[in-house]
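Number of protein chains: 2
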Amino acid sequence: MINKEEILQAIAGDLERIEEVLQANFSSYVPFINEVSQYILFAGGKRLRPLLMVLSARLCGCQKDTAQTYRLSVLFEYLHAATLLHDDVVDNAKFRRGRKAAHKLWGNQAVILVGDFLYSRAIRIAVEEGNMAILDVISRTTTLMSEGEVLQLINCDNVELSEEEYNEVIFRKTAALISAACEVGAIFAEKASWHRGKMREFGRHLGLAFQITDDLLDYLGVTQETGKEVGNDFKEGKVTLPLIVALERATPADRTRILSLIRDEEPTPQTFQEAVKLIDRYQGFEYTRRRAEQHIAKALEYLSDFPESQTRTLLEGISRYVLVRRH
Amino acid sequence: MINKEEILQAIAGDLERIEEVLQANFSSYVPFINEVSQYILFAGGKRLRPLLMVLSARLCGCQKDTAQTYRLSVLFEYLHAATLLHDDVVDNAKFRRGRKAAHKLWGNQAVILVGDFLYSRAIRIAVEEGNMAILDVISRTTTLMSEGEVLQLINCDNVELSEEEYNEVIFRKTAALISAACEVGAIFAEKASWHRGKMREFGRHLGLAFQITDDLLDYLGVTQETGKEVGNDFKEGKVTLPLIVALERATPADRTRILSLIRDEEPTPQTFQEAVKLIDRYQGFEYTRRRAEQHIAKALEYLSDFPESQTRTLLEGISRYVLVRRH
Numbered sequence: 020m021i022n023k024e025e026i027l028q029a030i031a032g033d034l035e036r037i038e039e040v041l042q043a044n045f046s047s048y049v050p051f052i053n054e055v056s057q058y059i060l061f062a063g064g065k066r067l068r069p070l071l072m073v074l075s076a077r078l079c080g081c082q083k084d085t086a087q088t089y090r091l092s093v094l095f096e097y098l099h100a101a102t103l104l105h106d107d108v109v110d111n112a113k114f115r116r117g118r119k120a121a122h123k124l125w126g127n128q129a130v131i132l133v134g135d136f137l138y139s140r141a142i143r144i145a146v147e148e149g150n151m152a153i154l155d156v157i158s159r160t161t162t163l164m165s166e167g168e169v170l171q172l173i174n175c176d177n178v179e180l181s182e183e184e185y186n187e188v189i190f191r192k193t194a195a196l197i198s199a200a201c202e203v204g205a206i207f208a209e210k211a212s213w214h215r216g217k218m219r220e221f222g223r224h225l226g227l228a229f230q231i232t233d234d235l236l237d238y239l240g241v242t243q244e245t246g247k248e249v250g251n252d253f254k255e256g257k258v259t260l261p262l263i264v265a266l267e268r269a270t271p272a273d274r275t276r277i278l279s280l281i282r283d284e285e286p287t288p289q290t291f292q293e294a295v296k297l298i299d300r301y302q303g304f305e306y307t308r309r310r311a312e313q314h315i316a317k318a319l320e321y322l323s324d325f326p327e328s329q330t331r332t333l334l335e336g337i338s339r340y341v342l343v344r345r346h
Numbered sequence: 020m021i022n023k024e025e026i027l028q029a030i031a032g033d034l035e036r037i038e039e040v041l042q043a044n045f046s047s048y049v050p051f052i053n054e055v056s057q058y059i060l061f062a063g064g065k066r067l068r069p070l071l072m073v074l075s076a077r078l079c080g081c082q083k084d085t086a087q088t089y090r091l092s093v094l095f096e097y098l099h100a101a102t103l104l105h106d107d108v109v110d111n112a113k114f115r116r117g118r119k120a121a122h123k124l125w126g127n128q129a130v131i132l133v134g135d136f137l138y139s140r141a142i143r144i145a146v147e148e149g150n151m152a153i154l155d156v157i158s159r160t161t162t163l164m165s166e167g168e169v170l171q172l173i174n175c176d177n178v179e180l181s182e183e184e185y186n187e188v189i190f191r192k193t194a195a196l197i198s199a200a201c202e203v204g205a206i207f208a209e210k211a212s213w214h215r216g217k218m219r220e221f222g223r224h225l226g227l228a229f230q231i232t233d234d235l236l237d238y239l240g241v242t243q244e245t246g247k248e249v250g251n252d253f254k255e256g257k258v259t260l261p262l263i264v265a266l267e268r269a270t271p272a273d274r275t276r277i278l279s280l281i282r283d284e285e286p287t288p289q290t291f292q293e294a295v296k297l298i299d300r301y302q303g304f305e306y307t308r309r310r311a312e313q314h315i316a317k318a319l320e321y322l323s324d325f326p327e328s329q330t331r332t333l334l335e336g337i338s339r340y341v342l343v344r345r346h
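Line by line, the protein sequences give chains A and B.
Counted the way my numbering counts, the first sequence spans residues 20 to 346.
Counted the way my numbering counts, the second sequence spans residues 20 to 346.
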């Protein structure tokens, strides 16, 4: 099994090329747009989505010019950045990746519009690639993503949310894009439906595990490591899997207590700590971690249908890393 | 020359088909999205952009299935509606088409995300059409549009804005989409670059005239007719052509007075009325109206290169109507 240092070493070259293209390929007629975009694009993102597209293409035996591969891959980072910008306004987040959220610096209005610009830029890159199958995946995905964000918003404070409904939300808001990056890699490599289907499913399970782990970190992470405020979801009434499990399993008395903690208009660190304890009492975190592990197991299963290779080992390593990451 | 009643009669059939497709073609997995979209889509819009695409295709001798034409045309209404939603948040407008602005009913967050959904839906329709030349125009246009919105935002309160800079803003935020609708009509009719170029330029001048007239109506319109608050731009410090002209021509004393009126933190109807008088003293409205007329004259010139036909007469009539419209 490949360890974290080996993963980082193996992807260093790809990440460098992705950074280059992100910098070079991006520019607007309006300097202010460049300023805001720079801020959100170069805030220490992991470049997971472009990287997954590049590696998926390679796994599928892509023979194409590598410059073209990297150029296409950054559209997934632009789409992701656009979502972050609109999401921050929606969530009213104060921090993102350890720095002030963009809307706190430039105001909601500017941030919405720069998000629109990045979104347009992403579509533009896909159009320039000139591949209708890729455009088909991208345009389906962006529709799913916007539906996911709306679903999340209207389910705020919905303590009746089921695990199934939660899965629908996180598929749309997170897994769909990661799945699309992997599927587009296969399409770009000019592979037929067998490869496309495998990569799409691999990406879907990886994306689900990724978001479930994210939701777990919101309870159990450390701000210095995640770059986000811990307990943010809870304070905002965002109902995620640990809470769903606890609410389902709790005694009537504990359930009532958890509900009153969520509905506390002025939550303190103590409120949050008490909620963490109660969720833990009903193995909410354990159950959630297990779900993430199951998704990674399925993701690995899809990879195992490909012949062994360095790229496959790397994708396996990245998949496992999703479970242990701390930010 | 065709009069208003004759125009309305001639386009009634097309408008009916456009309404049908708008209703039928639109649906999200998320009922809430449908609710907000319905509100913005069926608030008495003029359907100018879909109509222009349909008529442009017809002018260019389009032989295709009409169902397909209408299906494609509504993407321009979706894009327009998405812009309205994000624009209302940005402008913080209270009214739109005589009804409460969507964000006042559902909150900024929901409205941003439904805007994203409509935008995705528009791109999806273009992808389903499967024509790369059309996608090329659309993806260029959405980039221009988001740049235009940002430019408008950062130029708020910029009393040094020149007429040239103003033209850049209104081209991007309004004329680009109208121009795209006309150009896509020509592409859809499978016409080569001569037709495309003519229709693009026709649409560009029509769009510029449209926005200039809009900016004029913000000073001289009547709320009951426009469905918007008159004086909104002025109150928000949006610098449009009548003001640019007045500021350029005014005596130092009058210029100082106009500036103090714009900067008034608590403007009253009297503040606005005084500004209107001062702008009028320097023929700001006359100059603006003349500019709109010049753009319409150019638009008509581009049409005159096409053989005479009922559709050409209709497009000429619509162009002239832009100048006299009151909402």
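For each residue, glycine too, the CB sits at the ideal point set by N, CA and C.
So that I know if they touch, is there some Cβ in chain A lying closer than 7 Å to that of residue i?
{"i": "residue 105(B)", "result": "yes"}
{"i": "residue 143(B)", "result": "yes"}
{"i": "residue 30(B)", "result": "no"}
{"i": "residue 161(B)", "result": "yes"}
{"i": "residue 139(B)", "result": "yes"}
{"i": "residue 146(B)", "result": "yes"}
{"i": "residue 176(B)", "result": "no"}
Which residue from the options puts its Cα closest to that of residue i?
{"i": "residue 5(B)", "options": "183(B), 254(B), 132(B)", "result": "It is not possible to answer for residue 5(B), since the shown part of chain B is limited to 20 through 346."}
{"i": "residue 95(A)", "options": "85(A), 46(A), 158(A)", "result": "158(A)"}
{"i": "residue 294(A)", "options": "237(A), 324(A), 32(A), 198(A)", "result": "237(A)"}
{"i": "residue 214(B)", "options": "333(B), 190(B), 302(B), 322(B)", "result": "322(B)"}
{"i": "residue 72(A)", "options": "279(A), 153(A), 137(A), 62(A)", "result": "153(A)"}
{"i": "residue 47(B)", "options": "136(B), 194(B), 304(B), 188(B)", "result": "136(B)"}
{"i": "residue 19(B)", "options": "164(B), 181(B), 86(B), 138(B)", "result": "Limits of chain B in this structure are 20 at one end and 346 at the other, which puts residue 19(B) out of reach."}
{"i": "residue 320(B)", "options": "218(B), 231(B), 271(B)", "result": "218(B)"}
{"i": "residue 139(B)", "options": "128(B), 232(B), 99(B)", "result": "99(B)"}
{"i": "residue 209(B)", "options": "65(B), 78(B), 160(B), 234(B)", "result": "78(B)"}
{"i": "residue 230(B)", "options": "191(B), 26(B), 266(B)", "result": "191(B)"}
{"i": "residue 263(B)", "options": "302(B), 37(B), 129(B)", "result": "302(B)"}
{"i": "residue 150(A)", "options": "182(A), 31(A), 205(A), 24(A)", "result": "205(A)"}
{"i": "residue 88(A)", "options": "143(A), 225(A), 207(A)", "result": "207(A)"}
{"i": "residue 42(A)", "options": "156(A), 300(A), 58(A), 267(A)", "result": "58(A)"}
What are the start and end residues of the alpha helix (DSSP H) that includes residue i?
{"i": "residue 201(A)", "result": "195 to 207"}
{"i": "residue 338(B)", "result": "329 to 343"}
{"i": "residue 32(B)", "result": "23 to 43"}
{"i": "residue 72(B)", "result": "67 to 78"}
{"i": "residue 302(B)", "result": "Neither: residue 302(B) is in no alpha helix (DSSP H) and is coded neither H nor E."}
{"i": "residue 186(B)", "result": "182 to 189"}
{"i": "residue 50(B)", "result": "50 to 60"}
Can you give the Cα-Cα distance for residue i and residue j, rounded to whole angstroms?
{"i": "residue 220(A)", "j": "residue 90(B)", "result": "32 Å"}
{"i": "residue 228(B)", "j": "residue 22(B)", "result": "19 Å"}
{"i": "residue 171(A)", "j": "residue 306(A)", "result": "21 Å"}
{"i": "residue 29(B)", "j": "residue 333(B)", "result": "8 Å"}
{"i": "residue 198(B)", "j": "residue 291(B)", "result": "33 Å"}
{"i": "residue 63(A)", "j": "residue 288(A)", "result": "28 Å"}
{"i": "residue 285(B)", "j": "residue 296(B)", "result": "19 Å"}
{"i": "residue 35(B)", "j": "residue 121(A)", "result": "44 Å"}
{"i": "residue 239(A)", "j": "residue 68(A)", "result": "24 Å"}
{"i": "residue 101(B)", "j": "residue 133(B)", "result": "8 Å"}
{"i": "residue 223(B)", "j": "residue 318(B)", "result": "8 Å"}
{"i": "residue 343(A)", "j": "residue 193(A)", "result": "18 Å"}
{"i": "residue 106(B)", "j": "residue 128(A)", "result": "9 Å"}
{"i": "residue 75(B)", "j": "residue 202(B)", "result": "8 Å"}
Would you say residue i reaches chain B, if we count a Cβ-Cβ gap shorter than 7 Å as a contact?
{"i": "residue 41(A)", "result": "no"}
{"i": "residue 128(A)", "result": "yes"}
{"i": "residue 168(A)", "result": "yes"}
{"i": "residue 48(A)", "result": "yes"}
{"i": "residue 343(A)", "result": "no"}
{"i": "residue 189(A)", "result": "no"}
{"i": "residue 252(A)", "result": "no"}
{"i": "residue 207(A)", "result": "no"}
Measuring only between beta-carbons, confirm whether residue i sits less than 7 Å from chain E.
{"i": "residue 124(A)", "result": "The question asks about chain E, but that chain is absent: this structure's protein chains are A and B."}
Original post:
In chain order, which beta strand (DSSP E) runs of at least 3 residues are fully inside the segment 234 to 279 of chain A?
Top reply: none
Original post:
In the segment 83 to 166 of chain B, which residue ranges form an unbroken beta strand (DSSP E) of at least 3 residues, counting only runs that do not cross its ends?
Top reply: Complete beta strand (DSSP E) runs here, min 3: none at all.
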